[in-house]
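J.:
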Ligand SMILES: Cc1ncc(C[n+]2csc(CCOP(=O)(O)OP(=O)(O)O)c2C)c(N)n1
Ligand code: SF4
Ligand SMILES: [Mg+2]
């Protein structure tokens, strides 16, 4: 099957096309990587639930023929948690953005990492609030321009993968829209992981971010990802050998956390249930 | 019981006031077939160690749930006494720990007993003060059978405390009977 | 049937379990916390799910998500938490996902009187979320009613595919009374209607002319989209005037055309009444006490009308009270209930008497008696 065909297989026929995304937007690339990773799992459409918040990225599920739940700004993780606890057999995937997942939904984000419940979160990080027209987000770099940082951003950005790791996530990986194959692979690994998996997908918003920051279109932004990504291994090597050669804007990619020593939440809960049921019976 | 009886039990935290209200309410409601409305102090009212529980007991449906004037007022601390002494009906019955000083009442009946002291020194079981008090109240009021309260006590606490708890109740009941004879 | 001596808050849990609810998520807040605590003890024993979330918004999302897997779900909170739940409540109403939301009212606004009672969330329970949405709100006046009407709340939620708000107050939540607990064979239990058509023919928001289309559970072969955006019969976003208007009409019709099932009220001494006291929640109890005394001591023909379903408001029923000499409205707020009655009562200014208290204490029968005897002015 060609690349296109795999994706077509999962598209929802009732949905109007073309999609809501701008030309050059990276969200479509991330979505393709996601669908291709799903195809690899062999899961049926009926066992997949895709839950999103609000934002351009969160519009993705509507195009796909799964159980899809487009919720409220910042709240995809709680809804997904409810779905998973309600029926643990379902494979629950969360689609969120940098604003959705780490600003308004930041509290849920850190707590879901801590709780280690078996969900896969794909966070589309385009460093901006795309949907609302390009206001700065918790990941907008310092000094960058946006429609609400007309004089440059004085906030310091989150490194989402580090936040996830510090909050206790048991699988954390990051890649970019340019590195779609690696991204697909990380997402797939996230699916295989038992517990919370956070995959940070760097994606471009040429319309709102690029335009304001001397990256004129999607292609320019993809090139930027290509030039400014650095693998975890290379970053480690450079850090010890020549730290001065590292550009602070560079995006470190790779799998940062992958551990299986922490019990998964629903399993722990089920242990309590089982011990109580045994006691009764 | 023809009309509604209102009971207030008050003291300080750690005396098991709320538990005693729960036990008494339970006994009236489930073993004596009465209607009961039980409430207790929460929040600011319950801070600083104050503790209070109110019970309304009736054969009829109870609507308004708050104690207006108590027919029985049981006081186990100085602070509760200064706060609630006036909430007794003029003909009401006051049951109070002997260690507490208070303005003597012109009307009504007053029963004083050394609940805390007996629990502490004789039974070596200070946390059973409330059960002693319940036994005493049961004897004085004659509103319900001692067995009703004892059944609830047996069910409510851990089995290994059952004997000591029932002993405290019986001791209180005995004191109450003695007081009635005086 | 089994008798228990328990708190109103605990009776909600008993009712929920009998109704078939096996899923609770919440965030602690006085005076509702006993509900969470009781669920945390009971649900694991039954193989059900208890989850304390990081805040009330999260808990609300969790119960709506879980409801889509077929669960009957519930959360419980009080004022500040109820405010936080509003956005998701609107989502559940608009997307037609059943759930029960308990608000044990305490004094507000803001942190207010955390341990004391209030009935000032009456309007918030109707209009707390943005936009115009239908909602069902029930309010109990005793521990027995907590048990009974929690079951009703689940029944209505499932039958009409809607969130139902269970509007309690601190007095009822923290009151201990004797309750008769019936098991599931002794009470009516309504379960969610499942689709009768194969997946290819199923649409989540349309089934012929039915006002309440069946909701398929996730994982049962029926795939569909849910969004808080205006949506068509597939659940997919659609902003066409026709779709938007039709959707709103159906949402309101499913409630307003089923008032016979949804609108619940109780009447006391109403046969010959010339004066009516209209009340709900704990205030009903003082109203009945007052009516009894007004009849026996003052020879006044006073009746009591208790709203159990406070929303949708029983305007048609209230209209009948135009024949009364006086209408007395006691409430622990500055007059939210009275304001709603004003819409229906002709010459409201000459007939409606408010008895209002906002200091966290229960309105006493004496206060109602005094105002009733004094009349308007
Ligand atoms: C409660 C609430 N506040 C604000 C908004 C407006 N809003 C919609 S999307 C969005 C930002 C989305 O940004 P992000 O999550 O990064 O997604 P992107 O569009 O960049 O993919 C905002 C602020 C909203 N829908 N709800
Ligand atoms: S605004 Fe940005 S994020 Fe949104 S669709 Fe357009 S390019 Fe993509
Ligand atoms: Mg973004």
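Protein chains in written order, with this note's numbering: chain A, 1018 to 1298; chain G, 3 to 184; chain F, 390 to 766.
Positions of the beta carbon are idealized from the N, C-alpha and C atoms, including for glycine.
Model, not experiment: these values are computed from the prediction.
1. Grab me the residues of residue 1205 of chain A's own chain with a C-beta within less than 8 Å of its C-beta, minus the 5 sequence neighbours each way, in chain order.
2. Between residue 1273 of chain A and ligand 1, is the CB less than 7 Å from at least one heavy atom?
3. So, is the C-beta of residue 28 of chain G closer than 8 Å to a C-beta in chain F?
4. For residue 506 of chain F, name the three-state secondary structure that DSSP assigns.
5. Let me see if you follow: with CB-CB separation under 8 Å, is residue 452 of chain F close to chain A or not?
6. Can you tell me the Cβ-Cβ gap for residue 734 of chain F and residue 757 of chain F, rounded? I've got them flagged as a contact below 8 Å.
7. Can the beta-carbon of residue 1070 of chain A be found less than 8 Å from the beta-carbon of residue 1088 of chain A?
8. Taking the alpha carbon of residue 399 of chain F as the point to measure from, which residue in F/701, F/543, F/534 and F/747 has its own alpha carbon closest?
9. Please go through the same chain and pick out, in chain order, the residues whose beta-carbon is closer than 8 Å to the beta-carbon of residue 14 of chain G, but skip the five residues on each side of it.
10. Examine ligand 3 and report whether any of its heavy atoms sits within less than 7 Å of the Cβ of residue 1146 of chain A.
11. Decide if the region 442-460 of chain F is in contact with the region 477-485 of chain F; the criterion is three or more beta carbon pairs, one per stretch, under 8 Å apart.
12. I need the straight-line Cα distance from residue 1188 of chain A to residue 1215 of chain A, nearest angstrom please.
13. Sort out for me which residues DSSP pairs residue 1142 of chain A with in a bridge.
14. Taking 8 Å as the threshold, find out whether the region 652-665 of chain F comes into contact with the region 624-636 of chain F through three or more Cβ pairs.
15. Would you mind listing the alpha helix (DSSP H) stretches within the region 22-96 of chain G that are 4+ residues and don't spill past its ends, in chain order?
16. Along the region 434-461 of chain F, where does the CB come closer than 8 Å to a CB of chain A? Name the residues.
17. Which residue's Cα is closest to the Cα of residue 2 of chain G: G/72, G/149 and G/142?
18. Kindly identify the DSSP beta-bridge partner or partners of residue 558 of chain F.
19. Three-state secondary structure (DSSP) at residue 549 of chain F?
20. State the CB to CB distance for the pair residue 578 of chain F and residue 621 of chain F, rounded to an integer number of angstroms; the pair is presumed to be in contact (CB under 8 Å).
21. Can you tell which of F/650, F/507 and F/610 has its C-alpha closest to the C-alpha of residue 562 of chain F?
22. Between residue 418 of chain F and chain A, is any beta-carbon pair separated by less than 8 Å?
23. Comparing C-alpha positions only, which one of F/703, F/471, F/614 and F/558 sits nearest to residue 721 of chain F?
24. Please classify residue 1052 of chain A as buried or exposed, where buried requires at least 16 other C-beta atoms within 10 Å of its C-beta.
25. Please go through the same chain and pick out, in chain order, the residues whose beta-carbon is closer than 6 Å to the beta-carbon of residue 1018 of chain A, but skip the five residues on each side of it.
26. Could you give the residue range of the alpha helix (DSSP H) that holds residue 640 of chain F?
27. Short of 7 Å in beta carbon distance, which residues of its chain neighbour residue 1202 of chain A, apart from the five on each side in sequence? Order them along the chain.
28. Check the C-beta distance from residue 1219 of chain A over to residue 1194 of chain A and give it rounded, since I have them as a contact under 8 Å.
29. Is the region 520-535 of chain F touching the region 660-667 of chain F, taking contact as three or more C-beta pairs under 8 Å?
30. Between residue 1170 of chain A and ligand 5, is there a pair consisting of the residue's CB and a ligand heavy atom that are separated by less than 7 Å?
31. If you check the beta carbons only, do residue 134 of chain G and residue 155 of chain G fall under 8 Å apart?
32. Indicate whether residue 41 of chain G and residue 67 of chain G have their beta-carbon atoms separated by less than 8 Å.
33. Can you tell me where the beta strand (DSSP E) with residue 696 of chain F in it begins and where it stops?
34. How long is the line joining the alpha carbons of residue 1244 of chain A and residue 498 of chain F, rounded to whole angstroms?
35. Who are residue 99 of chain G's beta bridge partners in DSSP?
36. The beta strand (DSSP E) with residue 13 of chain G in it runs from where to where?
T.: So, to answer that:
1. 1054, 1057 and 1058
2. no
3. yes
4. strand
5. yes
6. The Cβ separation is near 18 Å, so there is no contact.
7. yes
8. F/534
9. 51, 52, 53, 78, 79, 81 and 82
10. yes
11. yes
12. 6 Å
13. A/1219
14. no
15. 45-48 and 80-86
16. 434, 436, 438, 440, 442, 443, 444, 446, 447, 448, 449, 450, 451, 452, 453, 454, 455, 456, 457, 458, 459 and 460
17. As shown, chain G starts at 3 and ends at 184. That puts residue 2 of chain G outside it, with no answer to give.
18. F/494
19. helix
20. Contact doesn't hold; Cβ gap of about 32 Å is too wide.
21. F/507
22. no
23. F/558
24. buried
25. Residue placement at residue 1018 of chain A is poorly supported in this model, since its pLDDT is 48, which falls under 50; the coordinates still yield a value, given next. No residues qualify anywhere along the chain.
26. 630-645
27. none
28. 7 Å
29. no
30. With respect to ligand 5, the structure offers nothing, as its ligand set consists of ligand 1, ligand 2 and ligand 3.
31. no
32. yes
33. 691-696
34. 54 Å
35. G/115
36. 7-14
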